[in-house]
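Keeping their order, the protein sequence lines are chains D and R. As numbered in UniProt numbering, residues 1 to 210 make up the first sequence, in order. As numbered in UniProt numbering, residues 1 to 335 make up the second sequence, in order. Where is the CB? At the ideal position from N, CA and C, for every residue including glycine. All values derive from a computational prediction rather than experimental measurement. The next block holds one structure in the form of structure tokens; read it before the comments.
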Amino acid sequence: MSLGYYDWLVKVIVLGDSGVGKTNILTQFCDSKFSQNYTATIGVDFKIKILNIQDKKIKLQIWDTAGQERFRNITQTYYKGAFGIIFVYSLIDRNSFNNVEGWIKSILESTTDEVCSILVGNKLDSQDRRVQTAEGEKLAQKYNMPFLETSALENKNIQDIFDRLGQNLKIRLENEGQKVSNNTQRQSGQFKLNQEANQTEQPTSSCNSC
Amino acid sequence: MLNQDFDIESLSQNFAGISNENQQLIKDVQSILRNEIVDEDGLIKLCQQGFTNQTNRLRGIVWRLLLGYFPLNKKYWSQVIMKNKDNYNNIKIENIKKAPPQKKNDHPLSRNTDSDWNNHFQDQQLWSKIQKDVIRTRVKELGREEYREMLNRILFLCCKLNKMDYVQGMNEFAALILYMCMSDPNEKLQNESDAFYCFMILMTSLKNNFQLQKEKVRAFQDLLKKVDWKLHDHLVNQKMDFSILYVKWFMIMFAQDFHIDDSLRIWDCLFCQKNNREEFLFCLAISFLIQLREDLIVGDFGSILLILQNLEKQDINLSEVIQRAQLLQKEQKKC
């Protein structure tokens with residue numbers, strides 16, 4: 001099930017309250033569909049997608065997490081090593097917006113390195129908006145991350161989430177790559193991302209030798 | 001007077017399109033049910049392969065019996081249904097309320113635990129938390145508004161009466177049970193109150209189910225190692241996290257991610273296990289892994305996970321998986 005050549009392998013996680021549309025965003029992005037048959041994510045789900053950013057291919061290993069607090073101790077296991085984070089709230093659910101900072105703080109505790117984040121307000125298709133665009137922008141500014149409003153239902157701005165995130169990932173990864181080659185004596189473990197990104201040199205092939 | 005005779009005879013009507021083997025199974029179960037006191041062990045022996053769409057007419061009675069909702073003495077069944085219909089109606093009236101009446105010393109912003117207003121708002125919160133999941137639970141089978149309302153009520157009342165928080169996953173359990181009731185060919189068994197009480201019984205038996213129990217993840221991994229060390233080692237080498245499987249398979253008991261007929265069939269088998277449910281779940285999980293062995297053993301981390309979280313899309317012969325699981329279970333007992 002090889003997905004072919006890639007330059008970097010990056011772990012991305014998607015966080016946000018229950019029911020804001022995390023899974024739908026990913027299904028739209030990875031499988032190009034809006035599934036009417038969707039269910040609440042219990043624990044974590046996993047998807048893979050190759051993202052083309054200019055001349056580079058970034059293989060995204062995307063972890064879709066349960067929004068419900070009860071599963072926090074399970075989902076938190078997957079925070080480790082994440083290099084990209086998508087924070088999602090629902091434009092029609094005020095609480096989900098209020099809780100975004102809680103999500104941001106929860107992951108800052110688990111990742112020490114700088115990660116690439118993006119803030120997403122989903123359900124742009126709905127008439128019943130409870131969070132204004134300016135509020136989302138302000139929050140994104142506070143944490144220095146890009147911001148988008150999207151509709152997974154209508155496939156609006158979904159690709160943009162990953163393009164924006166991908167641009168930033170590429171810049172960081174290229175910088176980290178330089179740091180590594182400038183400091184060859186340093187252990188790669190010091191760069192958390194390199195546990196994943198190190199595989200740059202060994203393009204993927206499915207393991208047939210077992 | 002209550003009708004004391006619970007209809008067993010209609011089980012063997014409409015045999016068109018049903019294989020001889022399945023007709024026989026239905027008749028065998030029927031003859032056990034004809035006795036005044038049901039022979040539970042005999043019933044379990046007949047039903048432990050689970051029901052297919054040719055035999056699922058048996059499910060309603062068998063689940064009620066194995067869950068302990070129906071007593072083994074058949075003459076009480078009609079009574080149980082009638083009595084619980086009334087009980088459930090009362091519970092609904094008592095617990096699902098509109099805004100409280102005006103009272104002295106109470107107001108909408110009160111935080112007193114005995115404040116009607118405070119309780120009312122907490123109820124509303126619980127209700128809408130559940131609703132978020134109900135609208136995305138088994139949409140194909142339970143998407144109709146009336147079913148959604150039933151599901152919402154069942155979950156809400158169960159949480160409220162047990163003073164427990166709603167946990168995702170409970171929606172999947174309640175959905176299977178509600179569907180079992182509402183799709184029963186016997187009209188007498190199509191009712192929300194039975195679904196509610198069966199669900200309550202199930203939840204009581206699952207008290208610690210919604211916690212990640214590391215020692216159980218470990219035990220599962222050890223069992224796999226014992227049964228198929230090559231597959232085990234490969235999964236470990238690929239850094240497969242067994243707690244993901246624990247959540248999907250043991251916590252949720254295969255109630256999600258499967259076609260509803262398959263989930264129900266797995267639950268038929270599960271309820272036949274009485275006190276060995278967990279042991280059986282372990283063996284079933286390993287049986288699934290073995291079924292997919294060819295693909296898993298050449299997979300890397302990503303492809304392994306993609307296979308395991310999309311079991312519905314894999315080419316799986318469920319009868320085979322169940323039989324292997326039962327065989328495994330027997331072997332484990334011997335050692």
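Beta-bridge partners of residue i, as assigned by DSSP
| i | result |
| --- | --- |
| residue 52(D) | 57(D) |
| residue 13(D) | 63(D), 85(D) |
| residue 121(D) | 89(D), 149(D) |
| residue 282(R) | BP columns for residue 282(R) are empty, so no partner. |
| residue 321(R) | Residue 321(R) pairs with nothing; no bridge assigned. |
| residue 46(D) | 63(D) |
| residue 73(R) | 37(R) |
| residue 116(D) | 84(D) |
| residue 8(D) | 58(D) |
| residue 260(D) | This structure cannot speak to residue 260(D), because chain D is shown only from 1 to 210. |
Neighbour flag for residue i against chain D, beta carbons, 9 Å
| i | result |
| --- | --- |
| residue 251(R) | yes |
| residue 114(R) | no |
| residue 136(R) | yes |
| residue 155(R) | no |
| residue 7(R) | no |
| residue 256(R) | yes |
| residue 38(R) | no |
| residue 46(R) | no |
| residue 224(R) | no |
| residue 192(R) | no |
| residue 309(R) | yes |
| residue 90(R) | no |
| residue 172(R) | yes |
| residue 146(R) | no |
| residue 262(R) | no |
| residue 86(R) | no |
C-beta neighbour in chain R for residue i, strict 9 Å
| i | result |
| --- | --- |
| residue 43(D) | yes |
| residue 152(D) | no |
| residue 34(D) | no |
| residue 74(D) | yes |
| residue 48(D) | yes |
| residue 40(D) | yes |
| residue 4(D) | no |
| residue 175(D) | no |
| residue 126(D) | no |
| residue 19(D) | yes |
| residue 186(D) | With a pLDDT of 38 at residue 186(D), under the threshold of 50, the predicted position of this residue should be treated as unreliable, and no value is reported. |
| residue 77(D) | yes |
8 Å Cβ cut-off: residues of chain R touching residue i
| i | result |
| --- | --- |
| residue 70(D) | 165, 167, 168, 210 |
| residue 141(D) | Correct list: empty, because the minimum Cβ distance to chain R is about 29 Å. |
| residue 89(D) | What residue 89(D) touches in chain R: nothing, since even the nearest Cβ is about 14 Å away. |
| residue 66(D) | 168 |
Extent of the continuous alpha helix (DSSP H) to which residue i belongs
| i | result |
| --- | --- |
| residue 197(R) | 192-205 |
| residue 233(R) | 229-237 |
| residue 40(D) | It is not in any alpha helix (DSSP H) - residue 40(D) carries neither H nor E in the DSSP assignment. |
| residue 80(R) | 77-95 |
| residue 263(R) | 260-272 |
| residue 146(R) | 145-162 |
| residue 105(D) | 100-108 |
| residue 174(R) | 170-182 |
| residue 130(R) | 116-134 |
| residue 301(R) | 301-309 |
| residue 138(D) | 133-142 |
| residue 58(R) | Per DSSP, residue 58(R) belongs to no alpha helix (DSSP H) and is neither H nor E. |
| residue 25(D) | 22-31 |
| residue 254(R) | No alpha helix (DSSP H) holds residue 254(R); DSSP gives it neither H nor E. |
Partners in chain D for residue i, counting only beta-carbon separations shorter than 7 Å
| i | result |
| --- | --- |
| residue 244(R) | 43, 44 |
| residue 247(R) | 42, 43, 74 |
| residue 132(R) | 18, 19 |
8 Å Cβ cut-off: residues of chain D touching residue i
| i | result |
| --- | --- |
| residue 122(R) | None at all; the shortest Cβ gap to chain D is about 15 Å. |
| residue 140(R) | 37 |
| residue 305(R) | 46 |
Neighbouring residues, chain R, relative to residue i (Cβ below 7 Å)
| i | result |
| --- | --- |
| residue 61(D) | 302 |
Check: residue i C-beta below 8 Å from any heavy atom of the ligand MN
| i | result |
| --- | --- |
| residue 121(R) | The ligand MN is absent from the structure shown, which contains no ligand whatsoever. |
Check your understanding: Between the region 228-236 of chain R and the region 277-295 of chain R, are three or more C-beta pairs nearer than 8 Å?
Key -> Enough Cβ pairs lie closer than 8 Å, so yes.
**Study point:** Contact between the region 127-135 of chain D and the region 48-57 of chain D (3+ Cβ pairs under 8 Å)
**Key:** Contact check between the region 127-135 of chain D and the region 48-57 of chain D: fewer than three CB pairs, one atom from each, fall below 8 Å, which does not count as touching.
Review point. Does the count of Cβ pairs from the region 120-134 of chain R and the region 156-169 of chain R closer than 8 Å reach three?
Key: Verdict: yes, contact present.
Review point. How do the region 264-273 of chain R and the region 186-193 of chain R stand: do at least 3 beta-carbon pairs fall below 8 Å, yes or no?
Key: With a cut-off of 8 Å, the region 186-193 of chain R and the region 264-273 of chain R do not count as touching, because too few Cβ pairs lie within range.
Check your understanding: Counting pairs of Cβ atoms below 8 Å between the region 27-43 of chain D and the region 132-150 of chain R, do you hit three or more?
Key -> At 8 Å Cβ cutoff, the stretches touch.
Check your understanding: If we count Cβ pairs, one from each stretch, closer than 8 Å, do we get three or more for the region 144-153 of chain D versus the region 18-28 of chain D?
Key -> Yes: the two stretches touch, three or more of their Cβ pairs being nearer than 8 Å.
Practice item. Give a yes or no on contact between the region 245-252 of chain R and the region 207-222 of chain R, applying the rule of three or more CB pairs nearer than 8 Å. Key: Short answer: they touch.
Check your understanding: Can at least three beta-carbon pairs, one atom from the region 258-265 of chain R and one from the region 51-59 of chain R, be found at a separation below 8 Å?
Key -> Yes, the region 258-265 of chain R touches the region 51-59 of chain R.
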